[in-house]
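Asks: The sequence shown maps to residues 8 to 200 in this note's numbering.
Built from N, CA and C at the ideal position, the CB exists for glycine as well.
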Amino acid sequence: LPNIHNVTFKDDEGSYLIGALAAMKSKSNVVGFIGGVNNPVIKRFETGFIAGAKQINPDVEVLSVFAGDFGDDQLGASIARDMIEQGADYIYPAAGFTGVGSILAAQEAGVHAFGVDSDQFFLAEDTIVSSMMKRVDTAVYQAIEEIAETGALSEKDKVLGIKENGVSLAPIRVVSLTEEEKKLLEDVQQKLA
Numbered sequence: 008l009p010n011i012h013n014v015t016f017k018d019d020e021g022s023y024l025i026g027a028l029a030a031m032k033s034k035s036n037v038v039g040f041i042g043g044v045n046n047p048v049i050k051r052f053e054t055g056f057i058a059g060a061k062q063i064n065p066d067v068e069v070l071s072v073f074a075g076d077f078g079d080d081q082l083g084a085s086i087a088r089d090m091i092e093q094g095a096d097y098i099y100p101a102a103g104f105t106g107v108g109s110i111l112a113a114q115e116a117g118v119h120a121f122g123v124d125s126d127q128f129f130l131a132e133d134t135i136v137s138s139m140m141k142r143v144d145t146a147v148y149q150a151i152e153e154i155a156e157t158g159a160l161s162e163k164d165k166v167l168g169i170k171e172n173g174v175s176l177a178p179i180r181v182v183s184l185t186e187e188e189k190k191l192l193e194d195v196q197q198k199l200a
């Protein structure tokens, strides 16, 4: 419709940063991705995560499972436990409430996890290293600013990535980065932008 404008996010770019961070800090050299369902959107999260991890450490093993469900925390916990048994020490779910179950299972097992879409640190403060954030605040602000300045939105379908401040990492907590690791992560982010 003429009065509908879309803003979407480059989930793969934010997930790339999460993959890079996971591979950088993994002691086991095994990390895990849990997707809610196997569809094009969630595949972008998986693709970015794997690419980022492999960029930092080509030998890292990435376990990947699609749960087939966004609403089953017990299923998410079970998948996470299986990954942990296979050596995964960092788990990245893009799976809604199923992902929450995997985060809580990671905390219970004493391994690390990442949040998605917003800063999910509050879910498991001993476990969440960072979160891949979709910057809805940026999207709304930019839309209001453009309407205020021009009276209309110029793009029917706007896609925001790192360059546009549309995706970013939440603060890194729980683990410490060396100066070299901080520089490497900044370099990765600049190249993506």
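Where does the unbroken alpha helix (DSSP H) through A146 begin, and where does it stop?
Replies: As a position in the sequence shown, residue 146 is number 139, starting the count at 1. V143 to T157 is the span of the alpha helix (DSSP H), which, as asked, contains A146.
Asks: Leaving out five residues on either side along the sequence, give the residues of the same chain with a beta carbon under 8 Å from the beta carbon of L130.
Replies: The count along the sequence shown starts at 1 and reaches residue 130 at position 123. Same-chain partners within the cutoff: V107, I110, L111 and G122.
Asks: Starting from F7, trace the alpha helix (DSSP H) both ways and give me its first and last residue.
Replies: Outside the displayed range of the chain (8 to 200) lies residue 7, so it cannot be described from this structure.
Asks: Where does Y97 land, buried or exposed, given buried means 16+ other C-beta within 10 angstroms?
Replies: Numbered from 1 along the sequence shown, position 90 holds the residue referred to as residue 97. A residue is called buried when at least 16 other Cβ atoms come within 10 angstroms of its Cβ; Y97 meets this threshold and is buried.
Asks: Would E20 pass as a contact of G55 if the rule is Cβ separation under 9 Å?
Replies: Here residue 20 refers to the residue found at position 13 when the sequence shown is read from its first residue. Here residue 55 refers to the residue found at position 48 when the sequence shown is read from its first residue. The answer is yes: Cβ separation under 9 Å.
Asks: Just to confirm, are A1 and V37 a CB contact at a threshold of 9 Å?
Replies: No information on residue 1 is available, as it lies outside the stretch 8 to 200 that the chain covers here.
Asks: So, under 8 Å CB-CB, V174 and K141 are touching, yes? Tell me the CB distance rounded to an integer number of Å.
Replies: Here residue 174 is taken as the residue at index 167 of the sequence shown, counted from 1. Here residue 141 is taken as the residue at index 134 of the sequence shown, counted from 1. About 6 Å; that satisfies the 8 Å criterion.
Asks: Could you tell me which of E156, P100, G117 and G59 sits nearest to L199, measuring between CA atoms?
Replies: Here residue 199 is taken as the residue at index 192 of the sequence shown, counted from 1. When only C-alpha atoms are compared, the closest one is G59.
Asks: Can you tell me whether K32 is buried or exposed, with buried defined as 16 or more other CB within 10 angstroms of its CB?
Replies: For this step, residue 32 is matched to residue 25 along the sequence shown. With a threshold of 16 other beta carbon atoms within 10 Å, K32 meets it and is buried.
Asks: Counting along the chain, where does the alpha helix (DSSP H) carrying K32 start and finish?
Replies: Mapped onto the sequence shown, residue 32 falls at position 25. Start and end: D18 to K32.
Asks: Under 9 Å, do I135 and A120 count as touching if we go by C-beta distance?
Replies: Counted from its first residue, the sequence shown places residue 135 at position 128. Counted from its first residue, the sequence shown places residue 120 at position 113. Yes; because the gap between Cβ atoms is below 9 Å, this pair is in contact.
Asks: Could you spell out the range, first to last residue, of the beta strand (DSSP E) harbouring K213?
Replies: With the chain covering only 8 through 200, there is no way to say anything about residue 213.
Asks: Could you please give the first and the last residue of the uninterrupted beta strand (DSSP E) stretch that includes E68?
Replies: The residue given as residue 68 occupies position 61 in the sequence shown. Membership of E68 in the beta strand (DSSP E) is indicated by the continuous run E68 to F73.
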